[in-house]
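Position one of the sequence shown corresponds to residue 461 (my numbering), numbered consecutively onward.
Think of the CB as a built atom: it goes at the ideal place given N, C-alpha and C, for glycine as much as any other residue.
The next block holds one structure in the form of structure tokens; read it before the comments.
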Amino acid sequence: MSDKIRKAGGMDRRHVLQAMAGVAGMAALGMPTVARAAGTIVVGTWGGDYARLLNKNIEKPFLISKGWEVIQDQKGDPERRAKMMAERRLPRGSTDLQALTGPNMYQVYQQGLTQALDYSKLPNAKHLLPSMKYEYGAGQIYSAMVPVFNPDKTKNPPKSYADALNPELGAALGFIDIQYQYTLLAAALAAGGSQTDLEPGKKLLLECRKAGARIYPTNESFAQGLKTEEITAGIMWKARTVQWQNAGINVASNAPAEGGLSYVTGFAIPKNARNVEGAHAYINAMMEPAAQEAFARDMGYNPTVDNAEIPEDLNKRIGFSKSEIDKLITPDFGFILEHDMEMKEWWDKEFKA
461 MSDKIRKAGG MDRRHVLQAM AGVAGMAALG MPTVARAAGT IVVGTWGGDY
511 ARLLNKNIEK PFLISKGWEV IQDQKGDPER RAKMMAERRL PRGSTDLQAL
561 TGPNMYQVYQ QGLTQALDYS KLPNAKHLLP SMKYEYGAGQ IYSAMVPVFN
611 PDKTKNPPKS YADALNPELG AALGFIDIQY QYTLLAAALA AGGSQTDLEP
661 GKKLLLECRK AGARIYPTNE SFAQGLKTEE ITAGIMWKAR TVQWQNAGIN
711 VASNAPAEGG LSYVTGFAIP KNARNVEGAH AYINAMMEPA AQEAFARDMG
761 YNPTVDNAEI PEDLNKRIGF SKSEIDKLIT PDFGFILEHD MEMKEWWDKE
811 FKA
């Protein structure tokens, strides 16, 4: 079968099954056929570069080459999670696995939408970092929230969240609207609070806003602010900083002294997945060292396995030292899930107002 990326919207399972039935019929008549597929895997994912790189670095070399047929259902994660919720009572859903962030993997599991992984079907998981191995999913790539800054415009480069979220920066400090969850957590750590005590962080953020800090709607608009030097500091994923450097933006980063809030994306399997074996095969392929190394080169994210070999020069740009890795902070996903509406309401009505 074709090794092109196929979106679920363009080729649903009915058509896939019809095509496979046609192949079987040709074989029965003695007609020439293509190699029989090992099975069909439908993966829910973001589109764009990430979808392209899934195909390039995982699907083609480790699944399609072995006879699997892979169909991508490309949508934003809120839309995909809503679809999972709508399909929860169906005996069989429309996807076999879903690419999600750490908090959202936790959320859909708590909602009863996904199933526990069977690690006996994941031989590559013996190399998975303990912090990336969950009952409800497996981490594919990770980075951490770090202070970012223009090295030519910054006399004292920020070495902590407290340094980066300093009201004295005034209008040179930027925030990203869609990063409200992690920004609130980072501010709480900067101000002496904790993941479950956000009040000190809220007070600090309001001081920054009063001093003139800017708010950008997206990661991309924040990057544009750095490029034009409208702002010179903020916080963002280290991996994104590397991508901006590759695009010619003058930006650098430091690991925060408080410990970096880790950002993970990975895969979870819906409870009503049609092809659970295929979903596990995909997750196992995701952990292949070559796939992990390719994502490090292409996207600037760190491998979640201990047997990937990252060149020293690349690791200096994307990675963290052993002591920095030991200090990585896994967000309290349960707290975020329980308080997300409150966090968003405060952000919109008080911080942004």
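Query                                                                                                                                                                        : Result
Are L588 and A604 close, meaning C-beta to C-beta below 8 Å?                                                                                                                 : no
If we ignore side chains and look at the alpha-carbon of each, how far apart do F682 and Y676 end up?                                                                        : 5 Å
Using the C-alpha atoms, what's the distance from I524 back to A435?                                                                                                         : Here the chain comprises residues numbered 461 to 813, so residue 435 is not present and cannot be evaluated.
Would you kindly check if the distance between the Cβ of I789 and the Cβ of D442 is under 8 Å?                                                                               : Only positions 461 to 813 of the chain appear in the structure, and residue 442 is not among them; the question remains open.
Taking all protein chains shown into account, do 16 or more other C-beta atoms lie within 10 angstroms of the C-beta of D808, making it buried, or fewer, making it exposed? : exposed
Residue ranges of each beta strand (DSSP E) run of no fewer than 3 residues wholly in the region 515-549, ordered along the chain?                                           : 528-534
Assuming the contact rule is C-beta atoms closer than 8 Å, G694 and G630 should be a hit. Round their C-beta distance to whole Å, please.                                    : The Cβ separation is near 13 Å, so there is no contact.
Taking the C-alpha atoms as reference points, what is the distance between Q639 and T574?                                                                                    : 25 Å
Check A604 in the structure and name its three-state DSSP category.                                                                                                          : strand
Return the first residue and the last residue of the beta strand (DSSP E) that F635 is part of.                                                                              : G634 to I636
Are I785 and A699 closer than 8 Å when you measure CB to CB?                                                                                                                 : no
Assuming the contact rule is C-beta atoms closer than 8 Å, V530 and E519 should be a hit. Round their C-beta distance to whole Å, please.                                    : 5 Å
Counting only the same chain and skipping the five closest in sequence on each side, list residues whose C-beta sits under 6 Å from that of E810.                            : none
Three or more C-beta pairs closer than 8 Å, one from the region 712-721 and one from the region 662-681: is that the case here?                                              : no
At what residues does the beta strand (DSSP E) containing Y723 begin and finish?                                                                                             : L721 to P730
Could you spell out where the alpha helix (DSSP H) holding Y569 opens and where it closes?                                                                                   : G562 to Q570
Measure the beta-carbon distance from R734 to R540 and round it to whole angstroms, keeping in mind my assumption that it falls under 8 Å.                                   : Actually they do not touch by this definition, with Cβ atoms about 16 Å apart.
What's the call for F793, buried or exposed, on a 16-neighbour Cβ count within 10 Å?                                                                                         : buried
Which same chain residues end up closer than 8 Å to W697 when comparing Cβ atoms and leaving out the 5 residues on each side of it in sequence?                              : S603, A604, M605, V606 and Y723
For E547 and K776, what's the separation of their Cα atoms in angstroms?                                                                                                     : 44 Å
Looking at the structure shown, is D766 part of a helix, part of a strand, or coil, going by DSSP?                                                                           : coil
Note the first and the last residue of the continuous alpha helix (DSSP H) segment covering V736.                                                                            : V736 to M746
Buried or exposed: K615, going by 16 or more other Cβ atoms within 10 Å of its Cβ?                                                                                           : exposed
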